[in-house]
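Comments concern the structure below.
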Amino acid sequence: MKRNEHALRMELKKQTNLAAGLVSDRFPAVSDIVINMKYYRKGANPVLMLRTLNIVPASYAIFKMDCMIRGCDGGGFDLTSVVADMIKTHKKVKKGAIVCHGNIDERASDHASIEYETVIHYK
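When we follow the numbering used here, the leftmost residue of the sequence shown carries the number 94, and every step to the right adds one.
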């Protein structure tokens, strides 16, 4: 059963990637994008992880990261509108924060968040 569920999730991810297209096709003026994130969770040790994403023209144009809290359903951090707005206005740097609104039985819907800095280099 688990193998079948995993195969279905992988197929859905593949279809999502293909539907999003490549950065080079969707945003031809971009040479690369760097997203620095600091993941937070509620609790005694709030900083969960530091993460840097390097997105190149050959990358899929997907800017949604999963929530790092095990068991979170329907959550995550979608930076798609942030990146699209930055490119539309030719902005190079943007900082902000996003709260996860996914569901976990014993945790509140704001169980995790990120602070991000997005840097876009143009051609």
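C-beta atoms are modelled at their ideal positions from N, C-alpha and C, and glycine is treated no differently. On a predicted model such as this, the values are computed, not experimentally measured, just so you know.
Enclosing alpha helix (DSSP H) for Lys-107 [first to last residue]: Looking up residue 107 in the sequence shown gives position 14. Lys-107 -> alpha helix (DSSP H) spans 95 to 113.
CA-to-CA distance, Asn-110 to Tyr-153, given in whole angstroms: Here residue 153 refers to the residue found at position 60 when the sequence shown is read from its first residue. Here residue 110 refers to the residue found at position 17 when the sequence shown is read from its first residue. Straight-line Cα distance between these residues: approximately 6 Å.
For the segment 117 to 145, which segments carrying the beta strand (DSSP E) assignment without a break, of at least 3 residues, lie completely within its bounds, in sequence order? Taking only runs of at least 3 residues, the beta strand (DSSP E) segments lying wholly in the segment 117 to 145 are 123 to 134.
Which runs of the beta strand (DSSP E) spanning at least 3 residues fall entirely within the segment 149 to 176, listed in chain order? Within the segment 149 to 176, no complete beta strand (DSSP E) segment of 3 residues or longer occurs.
Alpha-carbon spacing of Tyr-215 relative to Lys-181, whole angstroms: Position 122 of the sequence shown, counting from 1, holds the residue named residue 215. Position 88 of the sequence shown, counting from 1, holds the residue named residue 181. Roughly 12 Å separates the two Cα atoms.
Could you check if His-183 is buried or exposed, using at least 16 other CB atoms within 10 Å of its CB as the buried criterion? Within the sequence shown, the letter at position 90 stands for residue 183. Result: exposed.
Smallest Cα separation from Leu-146: which of Asp-125, Ile-162, Ala-137? Position 53 of the sequence shown, counting from 1, holds the residue named residue 146. The residue with the shortest Cα to Cα distance from Leu-146 is Asp-125.
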